[in-house]
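Participant: Everything in the sequence shown is counted per this note's numbering, starting at 17 for the first residue and increasing by one.
Note that the Cβ used here is the ideal one computed from N, Cα and C, for glycine as well.
Predicted model only: the values in this text are computed from it and were never measured.
I am attaching a structure below and will ask some questions about it afterwards.
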Amino acid sequence: MTRGLIDDAQRDDIDSDAEESLDDGPLGDETTNPRSRRRDRRRRQAKKRRKVMLAVLPTLLTLGNGVCGLAAIAIAMSTTLQWPDEQKLFAAGILIFGGMVFDALDGSAARLTGQASQFGAELDSLCDAITFGTAPAVIVWQISDRLPQRLTWAIGVLFTLCVLIRLARFNVETGEDDPHDGFDGLPSPAAAGTLAAFAIAMPDLADLQTKEALPSFIRAAATWSLDASHYVIPCLALALAFLMVSRFQYPHVVRQWIGGRRPPHQIGQALFAVFLVFLLHWVALPMVFCYFAFGAPIKSLWSPTTADGESALSEADSSAEDTF
Numbered sequence: 017m018t019r020g021l022i023d024d025a026q027r028d029d030i031d032s033d034a035e036e037s038l039d040d041g042p043l044g045d046e047t048t049n050p051r052s053r054r055r056d057r058r059r060r061q062a063k064k065r066r067k068v069m070l071a072v073l074p075t076l077l078t079l080g081n082g083v084c085g086l087a088a089i090a091i092a093m094s095t096t097l098q099w100p101d102e103q104k105l106f107a108a109g110i111l112i113f114g115g116m117v118f119d120a121l122d123g124s125a126a127r128l129t130g131q132a133s134q135f136g137a138e139l140d141s142l143c144d145a146i147t148f149g150t151a152p153a154v155i156v157w158q159i160s161d162r163l164p165q166r167l168t169w170a171i172g173v174l175f176t177l178c179v180l181i182r183l184a185r186f187n188v189e190t191g192e193d194d195p196h197d198g199f200d201g202l203p204s205p206a207a208a209g210t211l212a213a214f215a216i217a218m219p220d221l222a223d224l225q226t227k228e229a230l231p232s233f234i235r236a237a238a239t240w241s242l243d244a245s246h247y248v249i250p251c252l253a254l255a256l257a258f259l260m261v262s263r264f265q266y267p268h269v270v271r272q273w274i275g276g277r278r279p280p281h282q283i284g285q286a287l288f289a290v291f292l293v294f295l296l297h298w299v300a301l302p303m304v305f306c307y308f309a310f311g312a313p314i315k316s317l318w319s320p321t322t323a324d325g326e327s328a329l330s331e332a333d334s335s336a337e338d339t340f
């Protein structure tokens with residue numbers, strides 16, 4: 017058997033040498049046999065086609081992102097798990113957050129090990145489409161049963177399509193030398209995390225609703241929040257879909273906080289977010305993510321007005337100085 021394999025290998029070498037001699041020799045000249053030469057050239061190009069070499073660690077992290085997304089979809093839509101609906105949505109939201117962790121680690125691992133490649137970027141986008149596009153749409157479908165089914169289905173589809181557009185635009189517009197300090201439009205992990213945060217907070221709201229030791233206004237607020245979530249979350253998905261394809265500038269929070277110094281007011285905001293999480297547990301997550309999602313557009317829309325006011329004040333000051 018080994019001898020047969022050796023003979024086959026030798027035969028392949030002889031055939032390849034013969035092809036090269038035909039290509040280089042006078043018999044392979046286009047003037048004598050152009051059709052054979054073109055056929056041999058295509059055969060050689062097929063053999064020498066570039067092979068994709070997988071970077072093990074970044075690829076495993078990226079695939080872990082996709083596994084989290086698929087698991088979130090399976091749990092959210094499962095009819096065999098004997099769990100309450102709130103518990104299924106909680107697990108799906110946690111898995112989306114797990115995908116966010118894998119998505120944050122795979123790019124860093126590829127850059128640190130010098131294994132960044134186009135293949136990894138494309139695979140990352142495909143897994144992002146599952147975890148941050150399809151899984152949140154399933155949460156929207158499962159979390160809202162008060163609105164017409166066609167409407168919630170259309171909202172989920174629109175959200176997924178905007179995620180696909182966002183990912184395609186990012187791949188086209190981002191070069192290899194991009195510092196990744198910010199994003200044009202809301203990043204798809206942040207949009208998915210916002211919807212997942214509401215799904216994660218629902219069991220805590222249900223507990224607040226039934227605890228007799230709490231004041232009545234807290235239980236009433238929890239009841240109102242659970243009832244309103246059936247309408248708020250689909251509307252929120254529409255707003256997030258628009259923000260993803262917009263041109264509002266969003267900071268790269270992880271890179272900026274790890275790689276640089278921050279002003280005191282931003283450190284105070286981070287401490288306030290930690291305090292909210294400590295005080296309200298999972299209920300604080302929707303507040304934090306909504307602040308990130310809607311803070312940049314509000315600031316962007318507000319800043320031109322303030323800039324115009326500041327320029328008017330400066331012009332008034334300069335005219336007053338000229339008068340004096």
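Inspect the CB distances between the region 86-99 and the region 153-167 and report whether three or more fall short of 8 angstroms.
Facilitator: With the rule of 3 Cβ pairs closer than 8 angstroms, the region 86-99 counts as touching the region 153-167.
Participant: In angstroms with no decimal places, state the Cα-to-Cα distance between M116 and T176.
Facilitator: One-based indexing of the sequence shown puts residue 116 at position 100. One-based indexing of the sequence shown puts residue 176 at position 160. Between M116 and T176, the C-alpha separation is close to 17 angstroms.
Participant: Please report the distance separating the alpha-carbon of Q134 from that of F233.
Facilitator: Along the sequence shown, one-based indexing puts residue 134 at 118. Along the sequence shown, one-based indexing puts residue 233 at 217. Distance between the alpha carbons of Q134 and F233: 54 angstroms.
Participant: Within 10 angstroms of the Cβ of G201, are there 16 or more other Cβ atoms? Answer buried if so, exposed if not.
Facilitator: To locate residue 201, count along the sequence shown from 1; it is residue 185. Looking at its Cβ environment, which holds 16 or more other Cβ atoms inside 10 Å, G201 is buried.
Participant: Count the CB pairs spanning the region 96-116 and the region 213-232 that are closer than 8 angstroms, and state whether there are at least three.
Facilitator: yes
Participant: Taking the alpha carbon of N81 as the reference point, which residue from R55, P250, P100, I110 has its own alpha carbon closest?
Facilitator: On the sequence shown, residue 81 is found 65 positions in, with the first residue counted as 1. Out of R55, P250, P100, I110, I110 has the C-alpha closest to the C-alpha of N81.
Participant: Assign A265 to one of three DSSP states: helix, strand, or coil.
Facilitator: In the sequence shown, residue 265 corresponds to position 249, counting from 1. Just to set this straight, residue 265 is Gln in the shown sequence, not Ala. If DSSP states are grouped into helix, strand and coil, Q265 belongs with the strands.
Participant: For T147, which option in L79, A126, V188 has the closest C-alpha, if you only look at C-alpha atoms?
Facilitator: Position 131 of the sequence shown holds residue 147. It is L79 whose Cα lies nearest to the Cα of T147.
Participant: Give the DSSP bridge partners of G198, in chain order.
Facilitator: Translated into the one-based positions of the sequence shown, residue 198 becomes position 182. G198 pairs with P267.
Participant: Check whether the Cβ atoms of I171 and A215 lie closer than 8 angstroms to each other.
Facilitator: By 1-based counting over the sequence shown, the position of residue 171 is 155. By 1-based counting over the sequence shown, the position of residue 215 is 199. Against a cut-off of 8 angstroms, the Cβ pair of A215 and I171 comes out as no contact.
Participant: Once DSSP output is grouped into helix, strand and coil, what is the label at R162?
Facilitator: As a position in the sequence shown, residue 162 is number 146, starting the count at 1. Of the three classes helix, strand and coil, the one that applies to R162 here is coil, per DSSP.
Participant: Which class does P250 belong to by DSSP, given the choice of helix, strand or coil?
Facilitator: Residue 250 sits at position 234 when you count from the first residue of the sequence shown. P250: helix per DSSP, three-state reduction.
Participant: Whole angstroms is fine: what's the gap from R127's alpha carbon to L142's?
Facilitator: Translated into positions along the sequence shown, residue 127 becomes position 111. Translated into positions along the sequence shown, residue 142 becomes position 126. Straight-line Cα distance between these residues: approximately 19 angstroms.
Participant: Which of the three DSSP states, helix, strand or coil, is assigned to P219?
Facilitator: On the sequence shown, residue 219 is found 203 positions in, with the first residue counted as 1. Of the three classes helix, strand and coil, the one that applies to P219 here is helix, per DSSP.
Participant: Evaluate contact between the region 222-231 and the region 258-266, counting only Cβ atoms and requiring at least three cross-stretch pairs below 8 angstroms.
Facilitator: At 8 angstroms Cβ cutoff, the stretches do not touch.
Participant: Grouping DSSP H, G and I as helix and E and B as strand, with all else coil, what is S232?
Facilitator: If you number the sequence shown from 1, residue 232 lands on position 216. In the structure shown, S232 sits in a helix (DSSP, three-state: H, G or I).
Participant: Measuring straight from C-alpha to C-alpha, what distance separates Q265 and P313?
Facilitator: For this step, residue 265 is matched to residue 249 along the sequence shown. For this step, residue 313 is matched to residue 297 along the sequence shown. Going by C-alpha positions, Q265 is about 8 angstroms away from P313.
Participant: What are the start and end residues of the alpha helix (DSSP H) that includes A92?
Facilitator: In the sequence shown, the residue the question calls residue 92 occupies position 76. Segment 72-92, the alpha helix (DSSP H) holding A92.
Participant: State the Cα-Cα distance for the pair A236 and T226, rounded to the nearest angstrom.
Facilitator: Translated into positions along the sequence shown, residue 236 becomes position 220. Translated into positions along the sequence shown, residue 226 becomes position 210. Taking the CA atoms as reference points, A236 sits about 10 angstroms from T226.
Participant: Taking 8 angstroms as the threshold (C-beta atoms), are P205 and D101 in contact?
Facilitator: Here residue 101 refers to the residue found at position 85 when the sequence shown is read from its first residue. Here residue 205 refers to the residue found at position 189 when the sequence shown is read from its first residue. Result no, Cβ atoms of D101 and P205 do not sit closer than 8 angstroms.
Participant: Count the other CB atoms within 10 Å of the CB of A309; is the residue buried (16 or more) or exposed (fewer)?
Facilitator: Stepping through the sequence shown from its first residue, residue 309 is reached at position 293. Classification for A309: buried.
Participant: At the level of alpha carbons, what is the spacing between T418 and A151?
Facilitator: The requested residue 418 does not occur in the structure, where the chain is confined to residues 17 to 340.
Participant: Compute the Euclidean distance between the alpha carbons of E138 and A208, then round it to the nearest angstrom.
Facilitator: Here residue 138 is taken as the residue at index 122 of the sequence shown, counted from 1. Here residue 208 is taken as the residue at index 192 of the sequence shown, counted from 1. Roughly 19 angstroms separates the two Cα atoms.
Participant: What residue range is occupied by the uninterrupted alpha helix (DSSP H) comprising I110?
Facilitator: Here residue 110 corresponds to residue number 94 of the sequence shown, with the count starting at 1. I110 -> alpha helix (DSSP H) spans 101-128.
Participant: To the nearest angstrom, report how far apart V173 and R58 are at their CA atoms.
Facilitator: Indexing the sequence shown from 1 puts residue 173 at position 157. Indexing the sequence shown from 1 puts residue 58 at position 42. V173 and R58: Cα-Cα distance of roughly 43 angstroms.
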